[in-house]
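Visitor:
2 protein chains.
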Amino acid sequence: MKQHRGSGLVAGVDVGGTNIEVGLVNADHEVVDRAKASTPTEGPDAVLSTIADLVGSLEHRPAAVGVGIPGVVHDGEVLTVPNLENWHERVAIDDDLGDRLDLPVALGNDVNVGLRGEWRAGAARDVANVLGVWLGTGIGGALILDGAFFSGSRGAAGEIGHVVVREGGALCGCGRRGCVEAYAGRRSMETTAQAMVDAGRETRLFEIRDEVGKTKVTSKVWKKALDSGDDLATSLFDTAVETLGVAIGSTLNLLDLDLVVIGGGLAEKLGGALADRIADAAAPWVLQPNPDREFVVSALGDDAGIVGAADLGRALLAQR
Amino acid sequence: MKQHRGSGLVAGVDVGGTNIEVGLVNADHEVVDRAKASTPTEGPDAVLSTIADLVGSLEHRPAAVGVGIPGVVHDGEVLTVPNLENWHERVAIDDDLGDRLDLPVALGNDVNVGLRGEWRAGAARDVANVLGVWLGTGIGGALILDGAFFSGSRGAAGEIGHVVVREGGALCGCGRRGCVEAYAGRRSMETTAQAMVDAGRETRLFEIRDEVGKTKVTSKVWKKALDSGDDLATSLFDTAVETLGVAIGSTLNLLDLDLVVIGGGLAEKLGGALADRIADAAAPWVLQPNPDREFVVSALGDDAGIVGAADLGRALLAQR
Chain A
1 MKQHRGSGLV AGVDVGGTNI EVGLVNADHE VVDRAKASTP TEGPDAVLST IADLVGSLEH
61 RPAAVGVGIP GVVHDGEVLT VPNLENWHER VAIDDDLGDR LDLPVALGND VNVGLRGEWR
121 AGAARDVANV LGVWLGTGIG GALILDGAFF SGSRGAAGEI GHVVVREGGA LCGCGRRGCV
181 EAYAGRRSME TTAQAMVDAG RETRLFEIRD EVGKTKVTSK VWKKALDSGD DLATSLFDTA
241 VETLGVAIGS TLNLLDLDLV VIGGGLAEKL GGALADRIAD AAAPWVLQPN PDREFVVSAL
301 GDDAGIVGAA DLGRALLAQR
Chain B
321 MKQHRGSGLV AGVDVGGTNI EVGLVNADHE VVDRAKASTP TEGPDAVLST IADLVGSLEH
381 RPAAVGVGIP GVVHDGEVLT VPNLENWHER VAIDDDLGDR LDLPVALGND VNVGLRGEWR
441 AGAARDVANV LGVWLGTGIG GALILDGAFF SGSRGAAGEI GHVVVREGGA LCGCGRRGCV
501 EAYAGRRSME TTAQAMVDAG RETRLFEIRD EVGKTKVTSK VWKKALDSGD DLATSLFDTA
561 VETLGVAIGS TLNLLDLDLV VIGGGLAEKL GGALADRIAD AAAPWVLQPN PDREFVVSAL
621 GDDAGIVGAA DLGRALLAQR
């Protein structure tokens, strides 16, 4: 790895449940080099070690590193990481990874970091009041309010996945009932589909899953099933969109926002049509319609996390 | 009215559906004189005229006036005022009332203004992230986020009354279904009680209403019915608390706040026990518990609106 301190290059790290992706990002928010590895399942130490190796493999040494991680982040520590295996303790990632790399490290929640990417270089550029809804295994959210990221008292703001839409409704992965994630999170949708198949309903979802060589009903599988007109997939997806409309409508009543950005795998596979459908589903719930309000999908797709994480690293440099 | 410009006295005006209350407030947020009149039903001109008369009747001429009004306020204009009669147009209250009084006039939404009173001199003093939930005929809300009032893109933020808790549930006054206001707003609760009486259920709610000489089931009537152990009143009130818990829980998941302030007539009649019940009802819905989070009732009661409105007027003076 060549030494290029002061090159203006910052590494952005996107830690996902399946893969860790690292990008070297320039001052124009362009990804100029990349590296990727499977997310280790042995816990924090293995994850940090993999991140350090990936950053070390980039063609230039960055001036700083930003990391987006799927958990509650507060003051540089990860408080909870529900989707990573064998990760039970709090870890001060900024210090630990900073020591390994001898670089400044900034840490953020993955969805906050994704929305930051869109805010800097994508669909939310210069918008003052924005909700990001990231559709994946679960549903993550992030908020820009009055032109700044809002993370709440202890870093836990943005959990639109656990806005309740049907009190006493479907069981959610969080143990509560009726959260929008219980209807529109991919893990819940797959569980529901499996239960309906067990009860005798037909669907091609699981055949398609096997055909494309996946172990889960991924966004790609949903896209194929919906395109093929599969009845059960269509019905579950309609419910997902409907409940997202309720949760986002409630959020707009609370926060009167300018823009909703839909991100994550489903947004990437389904594109603008998904944002339009969710906008239509939210409209009836909104008390004060705003003709200037927009619903869009992420413009950077998978790179939103890398670009946003790098920007977080860049912001840390600027503070020094 | 004596002339006391520069006296540090500001008038706070609380426009309600029933009464307009005006207070003369000193720099310590104390109400030193008061005036009150029924809210005219003939529309904006009569309301403004009454406000001007009330302000004129105060023992000193204030240096500025702040007005809290039950509607969506943006840039000094009232966009919609659902609970005042014969008020259909947008009115630039700041300019109009300013001309009548020859004083600077600031305008705010009534619940925002109530929470502002609590923030300056009551239960929310110096707290960074606060939700105000005002229980009245309807349910109003207001937000302090990162130490500043948050009103959204067009002044419509804070509408926790129209957070949906049961998709497809009870009909709300807004025409939608399942909003928390449909279960916990006084007007909805009275409508439901009446429907259940029509269907043969028994309750003393309407007898108590008549005994205390009211035309509506007011907060006082609810208090008496609950104290007497009335079954239907208790059941409707339990549902109100339960749904408030869902809506506030969803809001805490979205916004990770430090404090919830419960205000309005019911809060005044029922006191801290109401805040405790709502806290217990919200707790199961909260994803990230925060041991420092508190639920309290308004400390200023009815005066929150006057004190907050006066503070809005004072803030306008400070900008000049």
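Residue numbers (this note's numbering), protein chains in the order written: chain A, 1 to 320; chain B, 321 to 640. All residues carry an ideal CB built from backbone N, CA and C; glycine is no exception.
(1) Residues of chain B with a CB under 8 Å from the CB of Phe150(A): which are they?
(2) Locate the alpha helix (DSSP H) running through Asp276(A), then write down its first and last residues.
(3) Please confirm if His402(A) has its CB atom under 7 Å from at least one CB of chain B.
(4) Measure the alpha-carbon distance for Ala281(A) versus Val260(A) and round it to whole angstroms.
(5) Any C-beta of chain A within less than 9 Å: which residues of the region 594 to 619 of chain B qualify?
(6) Is the Cβ of Ser235(A) closer than 7 Å to any Cβ of chain B?
(7) Please state the DSSP three-state secondary structure of Gly308(A).
(8) Starting from Arg486(B), follow its DSSP beta bridges and name the residues at the other end.
(9) Asp126(A) to Ser228(A), Cα distance in whole Å?
(10) Could you spell out the range, first to last residue, of the beta strand (DSSP E) harbouring Trp134(A)?
(11) Using the beta-carbon of each residue, which ones in chain A are nearer than 8 Å to Ala635(B)?
(12) Counting only beta-carbon separations shorter than 7 Å, does Asn449(B) have a partner in chain A?
(13) Figure out for me which residue from Leu574(B), Gly363(B), Asp373(B) has the closest Cα to the Cα of Ala331(B).
(14) Pull up the distance between the alpha-carbon of Ala599(B) and that of Val500(B), whole angstroms please.
(15) Note down, in chain order, each residue of its chain lying with its Cβ closer than 6 Å to the Cβ of Gly326(B), except the 5 sequence neighbours on either side.
(16) Please confirm whether Lys2(A) has its beta-carbon closer than 7 Å to some beta-carbon of chain B.
(17) Rounded to the nearest angstrom, what separates Val375(B) and Gly533(B) at their Cα positions?
(18) What is the DSSP secondary structure of Asp14(A), reduced to helix, strand or coil?
(19) Just to confirm, is the Cβ distance from Ala553(B) to Val433(B) under 7 Å?
(20) Is the distance from the Cβ of Val296(A) to the Cβ of Ala128(A) below 7 Å?
(21) Using the Cα positions of Asn26(A) and Arg293(A), report the straight-line distance between them to the nearest angstrom.
(22) Using a Cβ-Cβ distance under 7 Å, would Val431(B) count as near chain A?
(23) For the candidate residues Glu479(B), Leu491(B), Glu522(B), whose alpha-carbon lies nearest to that of Ala567(B)?
(24) Using a Cβ-Cβ distance under 7 Å, would Arg125(A) count as near chain B?
(25) Taking its Cβ as the centre, do 16 or more other Cβ atoms sit within 10 Å of Glu190(A), making it buried, or is it exposed?
(26) Can you pull the chain A neighbours of Arg436(B), defined as C-beta to C-beta under 7 Å?
(27) Counting pairs of Cβ atoms below 8 Å between the region 69 to 76 of chain A and the region 105 to 121 of chain A, do you hit three or more?
(28) Using a threshold of 7 Å, state whether the C-beta atoms of Thr39(A) and Asn19(A) are closer than that.
(29) Please compile the residues from chain B whose C-beta is within a distance smaller than 8 Å of the C-beta of Ala157(A).
(30) On a CA-only basis, which of Lys223(A), Gly161(A), Asp198(A) is nearest Leu244(A)? Give me that one, please.
(31) Compile a chain-ordered list of the residues in the region 484 to 515 of chain B whose CB is closer than 7 Å to at least one CB of chain A.
(32) Give a yes or no on contact between the region 215 to 222 of chain A and the region 254 to 272 of chain A, applying the rule of three or more CB pairs nearer than 8 Å.
Guide: The answer reads as follows:
(1) Leu465, Asp466, Leu575
(2) 272 to 282 is the span of the alpha helix (DSSP H), which, as asked, contains Asp276(A).
(3) For residue 402(A) there is no data in the structure shown, the boundaries of chain A being 1 and 320.
(4) Computed Cα separation, rounded: 13 Å.
(5) Of all residues in the region 594 to 619 of chain B, only Pro604, Trp605, Val606, Leu607, Gln608, Asn610, Asp612, Arg613 come within less than 9 Å of chain A when Cβ atoms are compared, listed by chain position.
(6) At a cut-off of 7 Å between beta-carbon atoms, Ser235(A) makes no contact with chain B.
(7) It is helical.
(8) Looking at the DSSP assignment, Arg486(B) forms a beta bridge with Arg166(A).
(9) 39 Å
(10) Here the beta strand (DSSP E) through Trp134(A) covers 130 to 135.
(11) Within 8 Å Cβ-Cβ: nothing; Ala635(B) doesn't reach chain A, min ~17 Å.
(12) yes
(13) Considering only alpha carbons, the answer is Asp373(B).
(14) 16 Å
(15) Summary for Gly326(B): the model assigns pLDDT 49, below 50, so the residue's position carries little reliability, and this model does not support an answer.
(16) Only weak support exists for where Lys2(A) lies, its pLDDT of 46 falling under 50; the value from the coordinates is given anyway. When Cβ-Cβ separations below 7 Å define contact, Lys2(A) makes no contact with chain B.
(17) 29 Å
(18) Asp14(A) falls in the strand class under three-state DSSP.
(19) no
(20) no
(21) 31 Å
(22) no
(23) That would be Glu479(B), whose Cα lies nearest to the Cα of Ala567(B).
(24) no
(25) buried
(26) What Arg436(B) touches in chain A: nothing, since even the nearest Cβ is about 17 Å away.
(27) yes
(28) yes
(29) Leu574, Leu575, Asp576
(30) Out of Lys223(A), Gly161(A), Asp198(A), Gly161(A) has the C-alpha closest to the C-alpha of Leu244(A).
(31) Val484, Val485, Arg486, Glu487, Cys494, Arg496
(32) yes
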